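Going by the working numbering, the sequence shown opens with residue 5, and the numbers climb by one from there. Here a beta-carbon is modelled for each residue, glycine too, at the ideal position from N, C-alpha and C. Bear in mind that the values here come from a model prediction, so they are computed numbers and not experimental data. These notes are about the structure you will find just below.
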Amino acid sequence: MRRALAVVLVLGGCAHHAAAEGTAAPPPPSENDAAAEAALWSQAQADDQAGRAAQAREGYASLLLRYPLDPHADEARRRMADLDLQLKRYRDAEQALKALANRAPDSEKAKTAEQLAEAAAGAGDFAEAVRAYVQVERLDPDPAAKAHAGEEVQRIIDTRLPALAIAQLLADLPADDPAVPALAAKKALVLAHEGNPEAAAAAADFLARFPQSPYAARVQALQKRLAAAAQVKPGLVGIILPKSPAQFAAYGTAALQGLQLALGDDPSRVVVEDSQGDPAAAAAAVEKHAEAGVQVIVGPILSTEAAAASAAAQRLGIPIVTLARAEGLTGMGPYVFRNFLTDSAQAKAIVHYAADVRGMKRFAVLYPEVEYGRQMMNLFWDQVDKTGGEMRGAESYPLDTTTFKTYAEKLVGRHDLELRSDWFQGLRELREQHLNQLQMKRALRKLREQLSAVIDFDALFIADSARNVSLVAPALAVENVVTDACDHADIKRIEETTGEKRVKTVELLGWTAWYDPDFDLVQRAGHYVECSVFVDGFFAQSSRPATKAFVEAFQKAYGHEPGLMEAEAYDAGRMVEQVMAGKPPTREAFRDAFAAIKGFDGATGTTTIGPDREPEKELFYLTVTNKGYEELDLSKVQPIAQPGGS
């Protein structure tokens with residue numbers, strides 16, 4: 005006959021089940037076993053009383069492991085749980101106290117529940133903590149303990165519970181439990197925050213069941229907001245831009261001009277709110293637009309504002325088209341769109357030009373030690389990896405750097421000479437000449453100057469402004485880095501001039517910060533920046549028909565040339581108008597129609613809204629010539645054909 009023997013052990017607060025089939029029950033303990041058992045118990049108690057918590061805890065654990073049927077087993081389990089709490093081993097304490105709660109005598113049930121609540125909260129199991137505090141409210145005769153438990157329940161419900169835990173607790177607890185009103189109110193608030201259409205029903209259900217609850221006022225306010233948000237006025241557009249303070253107002257004015265050119269300024273169709281350069285004000289502006297019944301919101305433009313406004317719009321179920329560059333905004337939910345140039349789009353575009361069009365394989369980066377510099381360096385590097393290219397160097401510098409000699413030397417291997425074998429070979433030869441100190445100093449300087457530049461990259465991406473690019477390019481020339489040879493004829497000319505048989509050239513690559521209407525890069529940097537290529541989201545001198553039409557209309561309306569902000573805002577407004585022409589009856593219908601935009605021909609190029617609600621478009625490729633900036637036609641660009649180009 006097959007038999008199973010199951011023994012339940014408690015070790016480290018966890019229940020372990022050991023089963024052995026076909027074996028007989030163990031014999032009773034011998035006198036030696038009994039002595040050892042007693043010794044373990046005595047030592048654990050001694051450590052416990054002496055305040056040696058860790059040793060006492062391990063002693064109790066050893067006793068339960070070796071002698072699970074010891075008469076002191078329950079007391080040992082209790083003390084282990086106490087010590088786990090003391091040692092902040094909350095997960096172990098929670099598991100042990102769950103087991104003890106089921107068989108604790110009535111006199112200890114309230115204390116066990118209170119300890120379980122503390123352990124569960126410490127372990128991050130907030131749903132279990134609420135259940136335990138509810139038991140304290142029911143079982144503890146002490147009014148102060150009851151009040152504390154009630155306060156903890158409210159605090160956890162208000163600040164800690166996710167939607168799934170709230171729903172589970174509502175299903176588990178009796179309808180008359182004191183925690184149910186708080187849970188039901190929180191359910192409605194969380195659903196509204198998530199933009200769940202069931203929020204209105206949850207709010208109505210709460211108010212019907214608990215009209216006198218302390219939470220009733222909050223839920224009534226929520227119900228009012230939801231009702232206002234549901235009153236959509238088809239065709240009404242809300243705009244959120246910074247009209248103040250002064251340092252942000254210029255950006256807000258630029259975006260508003262682009263939007264008004266696209267949408268008009270009829271207050272019956274367009275409502276503008278001031279974000280004040282403040283995230284809280286931007287979120288409040290979304291609430292105002294919701295109450296006004298707008299069908300879609302355009303803006304804001306600052307990253308922190310856009311994040312706050314997007315979260316509020318997603319919660320209220322209002323489509324929002326942001327004009328901010330911050331990465332990840334559209335990940336907030338299906339109501340959040342963007343129409344603006346991002347750093348990731350620029351990195352992808354410039355690497356596409358260098359790797360796919362020009363056929364370059366090896367790259368280096370110079371970047372300032374600030375957030376945007378580090379981000380662009382990382383994004384560029386990631387794109388190079390995706391193309392199978394190789395990063396040969398990445399040098400950073402302080403933002404306020406005014407001379408780039410050291411960093412140019414680092415890029416071409418003339419700074420850390422201890423890494424070069426030809427430097428050490430030269431040193432050995434000089435030492436063999438037994439020169440005096442002055443002779444050696446001169447010889448070392450000459451040796452250093454004679455070291456060839458190690459140019460093992462095809463292109464250098466400079467993630468900085470036009471002002472710093474104008475300082476970097478000449479510093480590279482001092483290190484014999486040729487950056488101004490655009491084609492084979494240029495290379496041949498340099499070879500004939502220098503007498504070198506094979507000239508290695510490096511192409512400088514950049515991003516939108518290279519375009520600065522208040523700084524003449526060509527005049528400041530001279531021919532050293534010629535042949536460079538950078539990407540931008542807009543180019544006012546472009547030959548693209550839609551771009552030219554926008555520039556002409558903008559100049560006629562406002563008397564000056566538009567920039568990137570005006571162009572992106574204009575395109576966002578025109579896409580909104582395109583969707584509105586289809587007369588979508590609801591916000592959901594507008595959202596779905598905007599998400600389906602494909603091949604929109606605008607000032608910033610042909611735009612398709614991607615599956616992540618980000619704009620997909622071909623950026624503007626600009627090259628630097630002795631006359632200024634010129635738009636580059638990638639179909640006419642030749643792949644590289646020079647040493648190191650493959």
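(request) Just tell me which of Ala266, Thr407 and Val369 has its CA closest to the CA of Val482. (result) Along the sequence shown, one-based indexing puts residue 482 at 478. Selected option, being the one with the closest Cα: Thr407.
(request) Measure the C-alpha to C-alpha separation of Val1 and Leu173 and round it to an integer number of angstroms. (result) What the structure shows of the chain is the stretch from 5 to 650, and residue 1 is not part of that stretch, so it cannot be assessed.
(message) Here's the rule: buried if 16 or more other CB atoms are within 10 angstroms of the residue's CB, otherwise exposed. What is Asp176?
(response) Looking up residue 176 in the sequence shown gives position 172. When all chains shown are included, Asp176 counts as exposed.
(message) Could you give the first and the last residue of the continuous beta strand (DSSP E) run that contains Met395?
(response) By 1-based counting over the sequence shown, the position of residue 395 is 391. Where Met395 is concerned, the enclosing beta strand (DSSP E) stretches over Glu394 to Tyr401.
(request) If I'm right that Leu187 touches Ile160 with Cβ under 8 Å, what's the distance once you round it to whole angstroms? (result) Residue mapping note: residue 187 aligns to position 183 of the sequence shown, counting from 1. Residue mapping note: residue 160 aligns to position 156 of the sequence shown, counting from 1. That pair is no contact at about 10 Å.
(message) Distance check for Ala133 and Pro615, CA to CA, integer angstroms please.
(response) Along the sequence shown, one-based indexing puts residue 615 at 611. Along the sequence shown, one-based indexing puts residue 133 at 129. Computed Cα separation, rounded: 40 Å.
(message) What would DSSP say about Pro372, mapped onto helix, strand or coil?
(response) By 1-based counting over the sequence shown, the position of residue 372 is 368. If DSSP states are grouped into helix, strand and coil, Pro372 belongs with the strands.
(request) Answer with buried or exposed for Glu511, where buried requires no fewer than 16 other C-beta atoms within 10 angstroms of its C-beta. (result) On the sequence shown, position 507 is the one that residue 511 refers to. Looking at its Cβ environment, which holds 16 or more other Cβ atoms inside 10 Å, Glu511 is buried.
(request) Report buried or exposed for Gln454, applying the criterion of at least 16 other Cβ atoms within 10 angstroms of its Cβ. (result) Locating residue 454 in the sequence shown gives position 450, counting from the first residue. The residue in question, Gln454, is exposed, as its Cβ has fewer than 16 Cβ neighbours within 10 Å.
(message) Distance check for Leu623 and Glu634, CA to CA, integer angstroms please.
(response) For the purposes of this step, residue 634 is taken as residue 630 along the sequence shown, with counting starting at 1. For the purposes of this step, residue 623 is taken as residue 619 along the sequence shown, with counting starting at 1. Computed Cα separation, rounded: 14 Å.
(request) Using 10 angstroms around the beta-carbon of Lys450, count the other beta-carbons present and answer buried if the total reaches 16, otherwise exposed. (result) On the sequence shown, position 446 is the one that residue 450 refers to. So Lys450 counts as exposed.
(request) Can you have a look at Ala221 and say buried or exposed, based on whether 16 or more other CB atoms are within 10 angstroms of its CB? (result) On the sequence shown, residue 221 is found 217 positions in, with the first residue counted as 1. Exposed, since its Cβ has fewer than 16 Cβ neighbours within 10 Å.
(request) Could you name each continuous alpha helix (DSSP H) segment of 4 residues or more that falls completely within the stretch 269 to 343, going from the start of the chain to the end? (result) When DSSP assignments are scanned along the stretch 269 to 343, the uninterrupted stretches of alpha helix (DSSP H) that are 4 or more residues long and fall wholly within it turn out to be 283 to 296 and 307 to 320.
(message) Using only CA atoms, which one of Ala151, Gly199 and Ala206 lies nearest to Pro338?
(response) In the sequence shown, the residue the question calls residue 338 occupies position 334. The candidate whose alpha carbon is nearest that of Pro338 is Gly199.
(message) Please classify Lys445 as buried or exposed, where buried requires at least 16 neighbouring CB atoms within 10 angstroms.
(response) As a working mapping, residue 445 is identified with position 441 in the sequence shown. The residue is exposed, with fewer than 16 neighbouring Cβ atoms inside 10 Å.
(request) Compare the C-alpha of Ala312 against each of His197, Lys92, Ala189 and Met395 and name the closest. (result) Counted from its first residue, the sequence shown places residue 312 at position 308. It is His197 whose Cα lies nearest to the Cα of Ala312.
(request) Taking Ala131 as the reference, give the member of Val184, Val223 and Gln49 with the closest Cα. (result) In the sequence shown, residue 131 corresponds to position 127, counting from 1. Answer by Cα proximity: Val184.
(message) Taking 8 Å as the cut-off, does the stretch 572 to 579 touch the stretch 249 to 266 (at least 3 CB pairs, one atom from each stretch)?
(response) yes
(request) Give a yes or no on whether the C-beta atoms belonging to Val526 and Val374 are separated by under 9 Å. (result) The residue you call residue 526 lines up with position 522 of the sequence shown. The residue you call residue 374 lines up with position 370 of the sequence shown. With contacts defined by Cβ atoms closer than 9 Å, Val526 and Val374 do not form a contacting pair.
(request) Determine the DSSP secondary structure at Arg366, reduced to helix, strand or coil. (result) Here residue 366 corresponds to residue number 362 of the sequence shown, with the count starting at 1. Residue state, collapsed to three classes: strand.
(request) Tell me where the alpha helix (DSSP H) around Asp110 begins and ends. (result) Looking up residue 110 in the sequence shown gives position 106. Residues Asp110 to Gly126.
(message) Just to check my reading of the structure: Gln53 and Leu89 have Cβ atoms closer than 8 Å, yes? What is that Cβ distance to the nearest angstrom?
(response) Along the sequence shown, read from residue 1 onward, the residue named residue 53 stands at position 49. Along the sequence shown, read from residue 1 onward, the residue named residue 89 stands at position 85. With a Cβ gap of about 17 Å, Gln53 and Leu89 do not count as contacting.
(request) Tell me whether Lys237 is buried or exposed, calling it buried when 16 or more other Cβ atoms sit within 10 Å of its Cβ. (result) The residue you call residue 237 lines up with position 233 of the sequence shown. Exposed is the call here.
(message) Can you tell me which residues form a DSSP beta bridge with Ile354?
(response) Counting from one through the sequence shown, the residue named residue 354 turns up at place 350. None, per the DSSP bridge assignment.
(message) Quick check: what's the CA-CA separation for Ser111 versus Leu143?
(response) Within the sequence shown, residue 111 is the residue found at index 107, counting from 1. Within the sequence shown, residue 143 is the residue found at index 139, counting from 1. Their Cα atoms are separated by approximately 10 Å.
(message) Could you check whether the Cβ of Tyr71 sits closer than 8 Å to any heavy atom belonging to the ligand SAM?
(response) Within the structure as shown, the ligand SAM is missing, as the structure has no ligands at all.
(request) Using 10 angstroms around the beta-carbon of Arg213, count the other beta-carbons present and answer buried if the total reaches 16, otherwise exposed. (result) As a first step, residue 213 must be located in the sequence shown, where it is residue number 209. Label assigned to Arg213: exposed.
(request) Could you say which of Lys414, Ser456, Trp518 and Thr610 lies nearest to Lys479 if we only look at CA atoms? (result) Position 475 of the sequence shown holds residue 479. Per the sequence presented here, residue 479 reads as Ala, with Lys not at that position. Minimum Cα distance to Ala479 is reached at Lys414.
(message) So Pro182 and Glu155 are supposed to be a Cβ contact under 8 Å. How far apart are they, rounded?
(response) Taking the sequence shown and counting its residues from 1, one reaches residue 182 at position 178. Taking the sequence shown and counting its residues from 1, one reaches residue 155 at position 151. Contact doesn't hold; Cβ gap of about 12 Å is too wide.
(request) Would you tell me roughly how many angstroms separate the C-alpha atoms of Ala544 and Met569, rounded to the nearest one? (result) In the sequence shown, the residue the question calls residue 544 occupies position 540. In the sequence shown, the residue the question calls residue 569 occupies position 565. Ala544 and Met569: Cα-Cα distance of roughly 12 Å.
(request) For Ser639, count neighbouring Cβ atoms within 10 angstroms of its own Cβ and tell me buried if that reaches 16, exposed if not. (result) Within the sequence shown, numbered from 1, the residue matching residue 639 stands at position 635. That one is exposed.
(request) Starting from Ile160, follow the alpha helix (DSSP H) in both directions and report where the run begins and ends. (result) As a first step, residue 160 is located in the sequence shown; it is residue number 156 there, counting from the start. Start and end: Pro147 to Thr163.
(message) Applying the 10 Å Cβ sphere with the 16-neighbour rule, what's the burial state of Asp269?
(response) On the sequence shown, residue 269 is found 265 positions in, with the first residue counted as 1. Asp269 sits exposed, since fewer than 16 C-beta atoms from the chains shown fall within 10 Å of its C-beta.
(message) So, with DSSP's three-state summary, where would you put Ala231?
(response) Numbered from its first residue, the sequence shown carries residue 231 at position 227. Helix at Ala231.
(message) To the nearest angstrom, how far is the alpha carbon of Val485 from that of Ser348?
(response) Here residue 485 is taken as the residue at index 481 of the sequence shown, counted from 1. Here residue 348 is taken as the residue at index 344 of the sequence shown, counted from 1. Near 28 Å, if we compare the C-alpha coordinates of Ser348 and Val485.
(message) Quick check: Gly514 and Leu345, are their CB atoms within less than 9 Å of each other?
(response) Counting from 1 along the sequence shown, the entry for residue 514 is found at position 510. Counting from 1 along the sequence shown, the entry for residue 345 is found at position 341. The answer is no: Cβ separation not under 9 Å.
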